[in-house]
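For the sequence shown, the UniProt record's numbering puts the final residue at 258, and the numbers step up evenly by one.
Read the structure below first, then the notes.
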Amino acid sequence: MPCATRRICFEGIAKIVTCSIGVMGEVAKAFEHGHFTEMGNAQHVSMYLFYLLSGLVDVMTNCGFPFPPHTDYVTLLLAVTVEGLLFYFHLHGRPHLDVLVHTLLVYTVAAEAACIIAEMCRPRSVFASLGRAYFCLLQATWFWQVGFILYSPLPAHPAWDVHSHMDMMLAASVFTWHMMALLLYIGALGFVACAAYRMCGRCSDDASAGAQEAGDSGYKLVSGSELKLSGQEACAGDGGLLIHSAFSDYSNDDAFYS
Numbered sequence: 001m002p003c004a005t006r007r008i009c010f011e012g013i014a015k016i017v018t019c020s021i022g023v024m025g026e027v028a029k030a031f032e033h034g035h036f037t038e039m040g041n042a043q044h045v046s047m048y049l050f051y052l053l054s055g056l057v058d059v060m061t062n063c064g065f066p067f068p069p070h071t072d073y074v075t076l077l078l079a080v081t082v083e084g085l086l087f088y089f090h091l092h093g094r095p096h097l098d099v100l101v102h103t104l105l106v107y108t109v110a111a112e113a114a115c116i117i118a119e120m121c122r123p124r125s126v127f128a129s130l131g132r133a134y135f136c137l138l139q140a141t142w143f144w145q146v147g148f149i150l151y152s153p154l155p156a157h158p159a160w161d162v163h164s165h166m167d168m169m170l171a172a173s174v175f176t177w178h179m180m181a182l183l184l185y186i187g188a189l190g191f192v193a194c195a196a197y198r199m200c201g202r203c204s205d206d207a208s209a210g211a212q213e214a215g216d217s218g219y220k221l222v223s224g225s226e227l228k229l230s231g232q233e234a235c236a237g238d239g240g241l242l243i244h245s246a247f248s249d250y251s252n253d254d255a256f257y258s
């Protein structure tokens, strides 16, 4: 298989699994007496299908399928754009608070789409990647918050008054709190990653220095042995030369006397 030697694309698999569950759940709840009656569920199914397509492209790209460059970015951008479009037309006839929380969600989706375009054009840009992650997290946490605002599952905390201007101002403030909390969260992750990188780099530098010192010591030991051996050979050579010279002188003397 093409992807047998590649790492597993967990993000793509997560998209496929969660979106498949979402489609089945929305379809199951949309039917009443054998008729499809919930058009809101049809919008949700459409949104899930595009994210499912993005997950499939992610997995296939990871497996080495010959897609054009940046196909994964294009499919993700398409999914985010469809989501924003569906939520924009999800607001007609809604109460004021409902319109506000969904409008803030549309703004978040638009910002995420802009970051995806920037990251596609500049893949090595840190701010584009962090921006995409930031607005994706903001979209996710605000989804949960919208559920607690409009359909609170807690008996002690009933749903907010959708016609109250005070609740609308509070909802806008809560949205900014989400922004600040996620900014601190990403900053904390960056600090931890930087500290871990420096620690690992320092350990790597220490290991490299130790290996270099060991190599230098071995080189000095070998060089000293070679130098000592060369000195002995030189002495032996000089002694042999002296003996040879003396023997030659003795032979010449014998020849002279004879």
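Where a beta carbon is used, it is the ideal one built from N, C-alpha and C, also for glycine.
What does a CB cutoff of less than 6 Å around residue i pick up in its chain, not counting 5 residues either side in sequence?
i	result
D161	D167
G55	G12, K15, I16
V59	C9, G12
T141	H178
G22	Y48
A42	none
L86	Q43, M47
Using DSSP with H/G/I as helix, E/B as strand and the rest coil, what is residue i?
i	result
H96	helix
I8	coil
V63	Looking at the sequence itself, residue 63 is Cys, so the reference to Val does not match. Coil, per DSSP.
F89	coil
A172	helix
A188	helix
A118	helix
A156	coil
H70	coil
G231	Low confidence applies here, because G231 scores a pLDDT of 49, under 50, leaving its location unreliable; read the following figure in that light. Helix.
Who are residue i's beta bridge partners in DSSP?
i	result
H35	E32
Can you name, in chain order, every residue of its own chain whose Cβ lies under 8 Å from the Cβ of residue i, other than the five neighbours on each side?
i	result
G40	H90
G84	V106, V109, A110, A113
L154	F148
G187	none
Q139	L105, T108, V109, E112
R7	N62
Does the ligand HEM have a heavy atom nearer than 7 Å to the CB of residue i?
i	result
Q139	Inclusion of the ligand HEM in the displayed structure is not the case, the ligand content being empty and no account of it being possible.
How far does the alpha helix (DSSP H) with residue i in it extend, from its first residue to its last?
i	result
residue 339	Outside the displayed span of the chain (1 to 258) sits residue 339, for which this structure offers no information.
A128	126–150
Within a Cβ cutoff of 7 Å, which residues of the same chain sit near residue i, ignoring the five residues on either side of it in sequence?
i	result
A128	C115, A118, E119, R122
H96	V162, H163, M168
For the region 191–203 against the region 129–136, are there 3 or more C-beta pairs whose distance is under 8 Å?
The count of Cβ pairs closer than 8 Å, one atom from the region 191–203 and one from the region 129–136, stays below three, leaving the stretches out of contact.
Are at least three pairs of beta-carbons, each pair with one atom in the region 170–180 and one in the region 136–149, less than 8 Å apart?
They touch, by the three-pair rule.
Taking one C-beta from the region 114–122 and one from the region 180–188 each time, how about it: are there three or more such pairs within less than 8 Å?
Contact between the region 114–122 and the region 180–188 is absent: fewer than 3 CB-CB pairs across the two stretches fall below 8 Å.
Counting pairs of Cβ atoms below 8 Å between the region 65–80 and the region 27–43, do you hit three or more?
Taking a cut-off of 8 Å for Cβ pairs, the region 65–80 and the region 27–43 do not touch, as fewer than three such pairs fall below it.
Decide if the region 92–104 is in contact with the region 45–54; the criterion is three or more beta carbon pairs, one per stretch, under 8 Å apart.
The region 92–104, when compared against the region 45–54, does not touch it at the 8 Å Cβ threshold.
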